[in-house]
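For the sequence shown, our numbering assigns the number 7 to the initial residue and increments by one for each residue that follows.
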Amino acid sequence: MTTTIPASRLPAQIQFDDNSLLPPLFGERDQHLDRIERQLGVSLIPRGNLVAIGGSASAIELARIVLRGLYERLKRGLPLDLAEVDAALRLAQAQAAEDTATLPLLAEPASIRTRKRQISARTVAQGDYIRALRDHSLVFGLGPAGTGKTYLAVAAAVDMLMTGQVQRIILSRPAVEAGERLGFLPGDLKEKVDPYLRPLYDALHDMLPADQILKRLANGDIEVAPLAFMRGRTLSNAFVILDEAQNTTPVQMKMFLTRLGEGARMAVTGDLSQIDLPRGTRSGLTDALETLDGVEGIGTIRFTETDVVRHPLVMRIVHAYEARDRARRQPGPAAEGEAAAPDSA
């Protein structure tokens, strides 16, 4: 008896014209192909310069898009690892859901070039964020940890400094854990504030050689300072980043935003689910978003848990916390007649 295979499950194939690119495309021990199989529910069988693809019609098409996009990336001389494969999968699935063209976005995503590396968008929102940082004088980047808000802002700042679009970079954070009162900490001013600004230094070291960072810190091309030190200044021809902005007060946020000078850019990043201000204190980030809603020249990009690009476990952690917070905001049968528990974030 002959078994008829449904047309929707018939294998398809994709052909590549440069065999030298196939080992990095497939990955060590075909780990890239394995990741695509697991994520899309397809089978991928390499045969010379062909890859046979089995699965549903929609999954086969997604696999084609991902493989072709990754291959085009290699043709352009860009590196490829599992993180980039995961990024390609996210982009393809997001674009398919919106029924828009995907291959150009995968083959040539929005990117930023720094002295040490080229950084490409790994989600649709990251691509929107990179474009917003280029096109707007003030950009708000909002969302959970691991979405690249600060990292991409620092990368954009370094790129603009290297290309002469700005003359200096200013990185700032509110030292909220010490209530901006740093005197009790040991050491000089730099030693007091460095623990709060360390994430910004870490991002810089991914963009520039260490000797360049030291040189530019010494001559003032790069400045890292707590938010309290911004008062009274006019920041011209600079790329200014305010990180952890959810921990500002409305007065601090207004002070910071009004520092914007001629030829300057600002990026304000924050996660409204991680506010560390004293209970009852309104976040300056929340206040600014409400006050400036609709103001021309401001870009606002909102990231979600699907944009987390750290370890896969981080996405699941963020999802678990957000699910808990949503449940707290919805009174259950046991809480009938009582107010919902306040959101600790």
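Ideal Cβ placement from N, Cα and C applies to all residues, glycine included.
For residue i: DSSP bridge partner residues
i, result
"T306", "F146"
"M272", "L144 and V246"
"Q355", "It is not possible to answer for residue 355, since the shown part of the chain is limited to 7 through 351."
"I176", "E229 and V246"
"Q124", "R119"
"S26", "Partner(s): none; S26 has no beta bridge."
"R53", "L56"
"L266", "L241"
Residue i versus residue j - alpha carbon distance
i, j, result
"A93", "L319", "15 Å"
"A357", "I118", "Residue coverage of the chain in this structure runs from 7 to 351, which leaves residue 357 outside it and unanswerable."
"A333", "A326", "11 Å"
"G185", "A234", "Because G185 sits at a pLDDT of 42, beneath the cut-off of 50, its placement in the model cannot be relied upon, and the following sentence gives the value as read from the coordinates. Cα-Cα distance, rounded: 11 Å."
"V72", "L203", "38 Å"
"I20", "R70", "7 Å"
"V130", "A100", "7 Å"
"A138", "L86", "26 Å"
"L109", "F262", "At L109, the pLDDT of 48 sits below 50, so the modelled position is not reliable and the matter cannot be decided from this model."
"R128", "F309", "12 Å"
"A163", "I51", "43 Å"
"L76", "R82", "10 Å"
"R121", "N243", "21 Å"
"L167", "D212", "15 Å"
"M272", "V172", "11 Å"
"A18", "I59", "5 Å"
"D36", "E43", "11 Å"
"I66", "V48", "7 Å"
"T297", "Q45", "42 Å"
"G238", "T275", "22 Å"
"G303", "S26", "46 Å"
"H38", "I175", "38 Å"
"T153", "A209", "14 Å"
"R140", "P180", "25 Å"
"R53", "P29", "12 Å"
"R123", "V57", "31 Å"
"Q336", "A329", "11 Å"
"V230", "I136", "22 Å"
"L214", "D24", "33 Å"
"A63", "A98", "15 Å"
"D331", "G300", "28 Å"
"L223", "G61", "54 Å"
"M236", "V315", "31 Å"
"D165", "N225", "18 Å"
Given residue i as reference, the closest of the options once Cα atoms are compared
i, options, result
"R288", "M259, L263 and V301", "M259"
"R41", "R123, I59, V91 and Q336", "V91"
"L84", "V48, S49 and I125", "I125"
"V246", "Q45, R82, S178 and L39", "S178"
"I307", "D277, R330 and R335", "D277"
"G133", "R330, D313, R335 and E328", "D313"
"Y207", "A161, R53, V172 and G238", "A161"
"D249", "E302, L68 and Y157", "Y157"
"G305", "E311, A159, L31 and G152", "A159"
"R96", "A116, L68 and N225", "L68"
"F22", "L241, R74 and R123", "R74"
"R322", "G226, S62 and P150", "P150"
"P205", "P232, L241 and R53", "P232"
"Q79", "A116, Q336, S62 and G61", "Correcting the residue type first, residue 79 is Arg in the shown sequence and not Gln. The candidate whose alpha carbon is nearest that of R79 is A116."
"G33", "K155, G170 and L88", "L88"
"N55", "L31, E229, N225 and A270", "L31"
"V324", "K155, S279, G170 and A224", "S279"
"G170", "G300, D227 and L148", "D227"
"E311", "G61, L148 and D24", "L148"
"A251", "A63, G61, A98 and K155", "K155"
"L241", "A270, R222 and G300", "A270"
Where the beta strand (DSSP E) containing residue i begins and where it ends
i, result
"V230", "I228 to P232"
First and last residue of the uninterrupted alpha helix (DSSP H) at residue i
i, result
"S64", "A63 to K81"
"T292", "G290 to T297"
"A162", "K155 to M168"
"I42", "Q37 to L46"
Check: residue i C-beta below 8 Å from any heavy atom of the ligand HEM
i, result
"V57", "With respect to the ligand HEM, the structure offers nothing, as it holds no ligand at all."
Are three or more beta carbon pairs between the stretch 255 to 266 and the stretch 277 to 292 nearer than 8 Å? yes
Is it true that the stretch 213 to 232 meets the stretch 288 to 301, where meeting means three or more beta-carbon pairs spaced less than 8 Å apart? no
Evaluate the contact criterion for the stretch 263 to 276 versus the stretch 136 to 144: three or more CB pairs, one atom per stretch, below 8 Å. yes
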